[in-house]
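What follows is a short report on a single structure.
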Amino acid sequence: MAKNQDYIRKPEWLKIKINTNKSYTGLKKLMRDKKLNTVCEEARCPNIHECWSERKTATFMILGDTCTRGCRFCAVKTGLPNELDWDEPERVADSVEIMGLKHVVVTAVARDDLNDGGAAVFAETVKAIRRRVPGCTVEILPSDMKGDYESLHTLMAGEPDIFNHNIETVRRLTKKVRARAMYDRSLELLKRVKEIRPNTPTKSSIMVGLGETKEEIVEAMDDLLAHNVDIMTIGQYLQPTKKHLNVERYYHPDEFEELKKIALEKGFSHCEAGPMVRSSYHADEQVNATSAQRRIKYMQGYESQGKELDTTNF
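For the sequence shown, UniProt numbering begins at 1 and goes up steadily by one.
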């Protein structure tokens, strides 16, 4: 474990802009009132203030707050999960409607205890959001569901605007970083999504700073493109606690710019890369043209009605 290793001091460019305006505090209160979880909070995302305060986006974490896996990079707690909450999809949709969110990412803890990995609840959550807020674009970020591709069909029945599944790191480091996950299984999952719904953008993310080489990062890019992945995000790994993997090194912003340039030149339709970039960072910009037009039309109607965040509503 990391406790016997030396720690590297964080560089100056790893500073977070704090903005706790009405949108942020209202959304935080709403999450507690609705008994909902967000990966923004559970995974200690550095962009929570920007997304909640400025971009009107949020990442809901369904299927409880306890993961059946224990990945060595992740701050989400591990243990025996709770029973399924079939009212959760409507509570998520209700929150999306109240907040007037324009883009939502729905992720979940890994539920290896469930036969379908939680696919049915995922699909119901997307459908509930569609019913309540037709213009809101929805991205889903599931686990690999242990390679159960029948469950993948169930999940895709919700017709998400983006399908996101993260390989997290390069091939060589996968066993060290990701509990029970397989590099090639994740790639196969992303490829199968395209076979089910060819027009749905697919997306994946890696963290850097875990001991990978530049050549291995480029290899990961090639692997994703070979499996028809459209969008890639690259961010700096930040150690959540002393019990997690140490940071091997911090990448300079210029290095992230270089990686972004390489990714775009190789053929990704969109790439976000930077020290604070996470899988859902600027996710609202990554939907395809059809989905974006639906969202724009909805948001114009929402704003024309004079609807704004009013924390007195919750």
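Note that beta-carbon positions come from the ideal geometry of N, C-alpha and C, so glycine has one too.
Please read these numbers as outputs of a predicted model, since none were measured by experiment.
Here Ser269 is exposed, its C-beta having fewer than 16 other C-beta atoms within 10 Å. Taking C-beta atoms under 8 Å as the contact rule, Arg178 and Cys71 qualify, at a distance of about 5 Å. In this structure, the beta-carbon distance from Gly209 to Arg249 falls below 9 Å. The stretch 155-172 and the stretch 213-223 touch, with no fewer than 3 CB-CB distances between them shorter than 8 Å.
Residue environment: Gly79 is assigned as exposed (fewer than 16 neighbouring CB atoms within 10 Å of its CB, all protein chains considered). Taking 8 Å as the upper bound for CB-CB distance, Ala119 and Leu155 are in contact here, some 4 Å apart.
Taken through DSSP and simplified to helix, strand or coil, Gly147 comes out as helix. The three-state secondary structure of Lys194, taken from DSSP, is helix.
Note on Asp85: under 16 other CB atoms within 10 angstroms of its CB, so exposed under the neighbour-count rule. Residue nearest to Cys271 within the set His252, Ile234, Ile62 is Ile234 (criterion: CA-CA distance). Within the same chain, Ile234, Ala273 come within 6 Å of Leu259 by CB-CB distance, once the 5 residues on both sides are set aside. Collapsing the DSSP output to three states places Glu90 in a helix.
Using a Cβ distance threshold of 9 Å, Val105 and Ala58 count as a contacting pair.
Taking a 10 Å sphere around the C-beta of Asp33, we find fewer than 16 other C-beta atoms and assign the residue as exposed. In the three-state reduction of the DSSP assignment, Gln236 falls in the strand class.
As computed with DSSP, Ile162 is found in a beta bridge with Glu139. In this structure, the straight-line span from the alpha carbon of Arg132 to that of Lys203 is close to 26 Å.
The three-state secondary structure of Lys127, taken from DSSP, is helix.
DSSP places Lys203 in the uninterrupted beta strand (DSSP E) bounded by 202-208. In the DSSP annotation of this structure, the continuous segment of the alpha helix (DSSP H) that includes Val177 starts and ends at 174-177. The straight-line gap separating the alpha-carbon atoms of His103 and Met182 is approximately 29 Å.
Under the three-state reduction of DSSP output, Ala220 falls in the helix class.
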